[in-house]
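Below is one structure, written out as structure tokens; the observations come after it.
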Amino acid sequence: MRNLTVYRVAALALVAGMLGACTAANADEQGLPAEDLPAASAFKAGTCQSTAQDALGLAGLARKIIDAKSVSAADRDELRDRQARIAQSRADADEQLAKPLQDLVTSIGWVRIRFNGQNYDPKIVRQMDQSRRAYQQLCVG
Amino acid sequence: MNQRSGRPRWRILVGAVAIATAAAGIATLAPNVSTASSHREAPLIAGEPRLDNTDLYAFVSPDRPDTVTFIANYIPFQEPNGGPNFYSFAQNTAYDINIDSDGDAQPDIIYRWSFKDTIRDQNTFLYNTGVVNNLTEETLNFVQTYTLDRITRDGRLTLVENGTVAPSRVGNASMPDYQKLSDQAVVDAGSGIRAFAGQSDDPFFADLRVFDLLYGADLSEVGQNTLRGFNVNTLALQVPKQALALQGDQHRNPVIGIWSSTARSKTEVIERNNVRNKSDDLVQVSRLGMPLVNEVVIPVGKKDEFNASRPKDDGKFLQFVQDPEVPKLVEKIYMIPAPDGPRDDLVEVFLTGVCKACGPVAVDLNSQQLNQDADRGRFRPSEQLRLNMSIPPTAQPNRLGVVGGDLAGFPNGRRLTDDVIDVTLQAAEGVLLEGAGDAVKGLGDAVDANEQKFRGHFPYVAVSNVKAVNES
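As you go down the protein sequences, you meet chains W and P in turn. Be aware that the first sequence starts at -12, since it is given in the working numbering, and climbs by one per residue. Be aware that the second sequence starts at 17, since it is given in the working numbering, and climbs by one per residue.
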């Protein structure tokens, strides 16, 4: 019976899923890891410098909303506006920054859609913060 | 952050859901009671609500797992107090549930309801002239009866003759025990077949403000079940698996495809005294298999054509499945890139059914190609609701169906409790693709269930509402 194949595949996948769930649970602690934010002036010239204020602003906003059940209209607007400005800078970004920038824009989009859709999960903010850190590292390091 | 490619993550995703469901289903086959498309989806059918098929469900019956239950609903947005002429099925119309067991995109079995109106007293404005305690009571002034036929290549077999439709729920003074009237409308058609026709609570649950520029232009208008309090007219049918399976063998051939359709008189002549003369030749005007296809996948310029089309000709709609509009709208609003096309993952779910040979979602689940006696050379991709009847019902259904770890649910058939909005939104945003991540898995409209409890027995739908919708 072909159906048995489904169950065999499923059994393997269930184990994989459980392992994945354990990993996720370990990473799911409250809040965000501590971080010393660089000054905006530490961001390299060009695209990095032009996005510095928004990247740093996102860091603060992520801390503010990570454990929130809902966010204020002002915070939603801030997310939207910072995303729009960062997205605009993609056009001038060099190759090295293109993917990290895109990842950051996408991750902000997920936070926005999940908050607006009343199905928020702190993991999504954590992912946005990771994208922001990755981008920031390239810009400051 | 995630860049979603066209590679499927179903090997893990489906797997993660599969076994838990299967195990639970095998352990407990007891009846389960749960505590909820295509409403007005095309320009022409919006003007013909009695023909408008709003939803189609197909699932292994939880309390009779040797059978499958089909439910098809019509006449959307029935306000409970919408008298004096309440809500009836159309005459001179074929209401069909089509079964394709070999995958050639043509019906092997058609179950057809045909209705007839009777008005006992023409000299009153009342739907009922007194209290109605039984379906046979003379106080029920408007009576609708039906014939149910089973049509195959071998001919037509009448399963039910003069079946009585459960009336519209007029109010508590007129119908003090409506549940009793509704249950009386269940007909035992012999050979393990049961049928029902009548009004019920609309089991579909969703926030239809999706049409307000995608939930208020930014998905913020969610969480309100727009269908709450409205009724529909339901056709329900329970049939032994054996009678549905290819060659009558549900063990070798457990997969069936289902779609509903309505066909009305091709011509209608209106006389001076408003008598309507309808021709006997019928033409299809509504069609429904998978939920939301004609509603949000097919563009408005093609919707009426889709409703008149046959599954065997679905190739002309392929581009809309491969390149869906919803992810593009989400990209515009949220700058979340739409998954790369062509979307073969969606083609597999909507048009072929899921199987290893069917496409990128490499799991054997619910394509007719899995039927051992099917001629794979005759298989034709087409939009149908597909059900693998060998997967037992789940004691505790997960509203996200397969995506939520429950193989007995959507898109393997569709149960009343399946949250097809959330599943479809997640699928459109690439939940079946490699790298979908946690973000896409939580998407939805924040309406997770129907307000009314479903019955634990056939016809399963909740009895119709009596309270005015605008009465908070």
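The beta carbon of each residue, even a glycine, is placed where N, CA and C say it ideally should be.
Contacts around residue i, its chain only, beta-carbon distance under 7 angstroms, and the 5 residues preceding and following it disregarded
i	result
SER216(P)	ASN247, VAL248, THR250, VAL477, ALA478, VAL479, SER480
VAL370(P)	GLU364, VAL377, VAL379, LEU381, ASN382, SER383
ALA46(P)	For ALA46(P), the predicted structure reports a pLDDT of 26, less than 50, and the residue's modelled location is therefore unreliable. The matter cannot be settled from this model.
SER190(P)	ASN144, VAL147, VAL148
GLN195(P)	VAL479
Within 8 angstroms, strictly: CB atoms of residue i and residue j
i	j	result
ALA252(P)	ILE87(P)	yes
LEU84(W)	ARG119(W)	no
SER398(P)	LYS332(P)	no
ASN157(P)	LEU173(P)	no
VAL436(P)	LEU308(P)	yes
GLN266(P)	ARG210(P)	no
THR161(P)	LYS132(P)	yes
ILE349(P)	THR93(W)	no
TYR90(P)	ASP68(P)	yes
VAL76(P)	ALA424(P)	yes
VAL313(P)	PRO340(P)	yes
GLY417(P)	ASN428(P)	yes
PRO25(W)	VAL112(W)	no
THR145(P)	THR134(P)	no
VAL291(P)	GLU445(P)	no
ASP454(P)	ASP23(W)	no
ILE53(W)	LEU88(W)	no
VAL147(P)	VAL176(P)	no
Separation of residue j from residue i, as counted between CA atoms
i	j	result
ALA46(W)	LEU304(P)	48 angstroms
SER406(P)	ILE125(P)	19 angstroms
ASP82(P)	THR410(P)	14 angstroms
ASN269(P)	ASN106(W)	40 angstroms
ASN139(P)	GLY273(P)	47 angstroms
PHE470(P)	THR85(P)	14 angstroms
ALA40(P)	TRP275(P)	With a pLDDT of only 30 at ALA40(P), under 50, the local geometry of the prediction cannot be trusted, and no value is derived from it.
ASP116(W)	ALA49(W)	7 angstroms
ALA484(P)	PRO100(P)	15 angstroms
ARG129(W)	LEU334(P)	This structure does not reach residue 129(W), given that chain W is present from -12 up to 128, and the question cannot be answered.
ARG69(W)	PHE474(P)	54 angstroms
PHE220(P)	GLN240(P)	13 angstroms
VAL482(P)	ASP118(P)	43 angstroms
THR180(P)	ALA110(P)	17 angstroms
PRO256(P)	PRO78(P)	13 angstroms
ASN149(P)	ASP461(P)	40 angstroms
GLU65(W)	TRP129(P)	57 angstroms
GLU64(P)	ALA55(W)	47 angstroms
ALA106(P)	LYS110(W)	51 angstroms
GLN124(W)	LEU459(P)	30 angstroms
ARG12(P)	GLY171(P)	It is not possible to answer for residue 12(P), since the shown part of chain P is limited to 17 through 488.
GLN468(P)	ALA61(W)	37 angstroms
LEU367(P)	ILE95(W)	33 angstroms
Same chain only: Cβ atoms within 6 angstroms of residue i, ignoring 5 sequence neighbours per side
i	result
THR283(P)	SER295
ALA39(W)	ALA27, PHE30
ASN387(P)	LEU262, ASN269, VAL271
ASN293(P)	VAL285
PRO358(P)	GLN338
GLN300(P)	SER277, ALA279, ALA324
ARG394(P)	ASP120
PHE336(P)	VAL313, ILE314
GLU95(P)	VAL485
GLN122(P)	LYS328
ASN97(P)	ALA484
ASN108(P)	SER281, LYS294
VAL159(P)	THR134
LEU362(P)	VAL337
Presumed contact (8 angstroms Cβ cut-off) between residue i and residue j, rounded CB distance
i	j	result
VAL238(P)	ASP218(P)	VAL238(P) to ASP218(P), Cβ: 19 angstroms. No contact.
ASP165(P)	GLN400(P)	That pair is no contact at about 21 angstroms.
GLY187(P)	ALA201(P)	About 18 angstroms; that fails the 8 angstroms criterion.
TYR73(P)	ARG430(P)	5 angstroms
ASP41(W)	ARG72(W)	5 angstroms
SER281(P)	ILE61(P)	Rounded, the Cβ-Cβ distance is 15 angstroms, inconsistent with contact.
ALA58(P)	ASP360(P)	Contact doesn't hold; Cβ gap of about 26 angstroms is too wide.
THR433(P)	ALA465(P)	7 angstroms
PHE102(P)	SER184(P)	3 angstroms
Chain C contact for residue i (CB, 8 angstroms cutoff)
i	result
ALA46(W)	The structure shown contains no chain C; its protein chains are W and P.
- Item | Interfacial residues, the segment 50 to 66 of chain W to chain P, with Cβ spacing under 9 angstroms | ARG63
- Using Cβ-Cβ distances below 9 angstroms, what residues of the segment 327 to 357 of chain P are close to chain W? VAL346, GLU347, ILE349, TYR350, MET351, ILE352, PRO353
- Residues of the segment 93 to 125 of chain W with a CB closer than 7 angstroms to any CB of chain P: list them in chain order, please. THR93, SER94, GLY96, TRP97, ARG99, ILE100, ARG101, ASN103, GLY104, GLN105, ASN106, ASP108, LYS110, ILE111, GLN114, SER118
- Chain-ordered residues of the segment 73 to 87 of chain W with a beta carbon less than 7 angstroms from chain P: ALA74
- Please name the residues in the segment 457 to 485 of chain P whose beta-carbon is closer than 8 angstroms to at least one beta-carbon of chain W, in chain order. GLY458, LEU459, GLY460, ASP461, ALA462
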